[in-house]
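Colleague: Mind having a look at this structure? Questions to follow.
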Amino acid sequence: MILIYVDHDRGEIDPLAAQVATMARSIDDDVQAVIVGSNAEKCVDELGKFGVTTVHHGVDDRLADYTPLASARAVLAVMERTSPRAVLAASTPRGNEVLGHIAAIRDLPLASECSQISLTGADTAEVSRARWGGNLLERSKVTGDPLLATVQAHAVVAQEAPVAASTDAFDVPLTDADLLVGIVDRTGAQATGVGLAEAKVVVSGGRGMDGPEAFAMLEELADILGGAVGCSRVVTAAGWRPHAEQVGQTGTKVAPDVYLAFGISGATQHIAGCKSAKTLIAVNTDAQAPIMTHADYAVVDNLHTLLPVLIEKARAAKGA
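Just so you know, the sequence shown maps onto residues 227 to 546 in the working numbering.
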């Protein structure tokens, strides 16, 4: 049996969970999941679509929002009862954090960013995983029972295998120390529209936007195309856009049908986040910018001149 940890945000399942379940099914037919906190019951049917047979729901009135160590305790409790061959999660900040706690508590190795996993023995596995921002593919032998691994975003295509998932609700064994770190409040603008990770079109801007005001053009273009706005790390560091919009190794990894990059130089960190795009279109005044070598279509032009024309043409094409 393979056990997966599934993260959710107030009942909205992590979209990468389907990919993790698909990876788990390639290892073993029996895939079960652990999900923690209030509103998690909303996720059961969605997990069943991707072959999860049993959803273990950790409940506690104190777990109204994400609490990393408490989530790890819930997974550990299920591990004790079910003895899985491997425990997987999405390679996201939360997935890596929860499995990191489990690895420390159980004194086990953790293989992160895995694109392939093969169990080769009772306590051994072979994994392929991305290193150095995706520029290096490492093949490693991992010894540990069970295997702990996080799955690289978009390493596999989610495939449905519907089953009627059953629910196993259980009380999470917690101490006060398990609750020291967690989300206690949320402030700022609420996300609207298409999510960055799921968007089929991403319109992204970098240093070449020359300031936060120019992102209004990207928002307008993204709205016309039914997409989402992204940005590079330097943009979030400058405070022009929120970190939630950052595409890259330390941001969100995206795999849209079309990725439009305006004024982005294309550092390794950024390419690691957008290289899974089916079509990459880069607009830059520098023909030698690194992103131009990765682009399917490279446009050497001033984005401030080009964007208004693109917006006008896009509106006309949609009849707006």
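Cβ atoms here follow ideal geometry from the backbone N, Cα and C, with glycine treated the same way.
1. With burial defined as no fewer than 16 other Cβ atoms inside 10 Å of the residue's Cβ, what is the status of aspartate 255: buried or exposed?
2. Just the Cα atoms here: how many angstroms apart are serine 354 and alanine 379?
3. Three or more C-beta pairs under 8 Å: does that hold for the region 286 to 297 against the region 307 to 318?
4. Tell me the DSSP secondary structure of glutamate 424 in three-state form.
5. Going by alpha carbons, who is nearest to alanine 298 out of Lys268, Ala391, Ala395 and Val260?
6. Just verifying my parser: in three-state terms, what is the DSSP assignment at threonine 396?
7. Quick check: what's the CA-CA separation for tryptophan 358 versus lysine 479?
8. Could you pull out every unbroken beta strand (DSSP E) segment of at least 3 residues lying fully inside the region 451 to 509, listed in chain order?
9. Need the endpoints of the alpha helix (DSSP H) that isoleucine 537 sits in, please.
10. Nearest by alpha-carbon distance to threonine 280: which of Ala300, Gln258 and Leu295 is it?
11. Measuring CA to CA, which of Ala266, Gly237 and Val484 is closest to glycine 452?
12. CB-CB under 8 Å to leucine 405, same chain, minus the five flanking residues each way: which ones, in chain order?
13. Are the Cβ atoms of alanine 464 and valine 455 separated by less than 7 Å?
Modeller: In this structure, then:
1. Here residue 255 refers to the residue found at position 29 of the sequence shown. Exposed, since its Cβ has fewer than 16 Cβ neighbours within 10 Å.
2. The residue given as residue 354 occupies position 128 in the sequence shown. The residue given as residue 379 occupies position 153 in the sequence shown. Roughly 13 Å separates the two Cα atoms.
3. no
4. Counted from its first residue, the sequence shown places residue 424 at position 198. It is coil, neither helix nor strand.
5. The sequence position of residue 298 within the sequence shown is 72, counting from 1. Alanine 298 has its Cα closest to that of Val260, out of Lys268, Ala391, Ala395 and Val260.
6. Taking the first residue of the sequence shown as 1, we reach residue 396 at position 170. Note on identity: in this sequence residue 396 is phenylalanine, with threonine being the wrong assignment. Strand, per DSSP.
7. Position 132 of the sequence shown, counted from the start, is the residue given in the question as residue 358. Position 253 of the sequence shown, counted from the start, is the residue given in the question as residue 479. Each residue's Cα considered, the two are about 15 Å apart.
8. 454 to 457 and 484 to 488
9. The residue you call residue 537 lines up with position 311 of the sequence shown. Here the alpha helix (DSSP H) through isoleucine 537 covers 529 to 544.
10. What you label residue 280 is simply residue 54 of the sequence shown in a count that begins at 1. Measuring from the Cα of threonine 280, the nearest candidate turns out to be Gln258.
11. As a position in the sequence shown, residue 452 is number 226, starting the count at 1. Here the closest residue by C-alpha is Val484.
12. To locate residue 405, count along the sequence shown from 1; it is residue 179. So the list reads Arg288, Thr293, Leu295 and Ala296, once near-sequence residues are dropped.
13. Taking the first residue of the sequence shown as 1, we reach residue 464 at position 238. Taking the first residue of the sequence shown as 1, we reach residue 455 at position 229. No, the Cβ-Cβ distance between alanine 464 and valine 455 is not below 7 Å.
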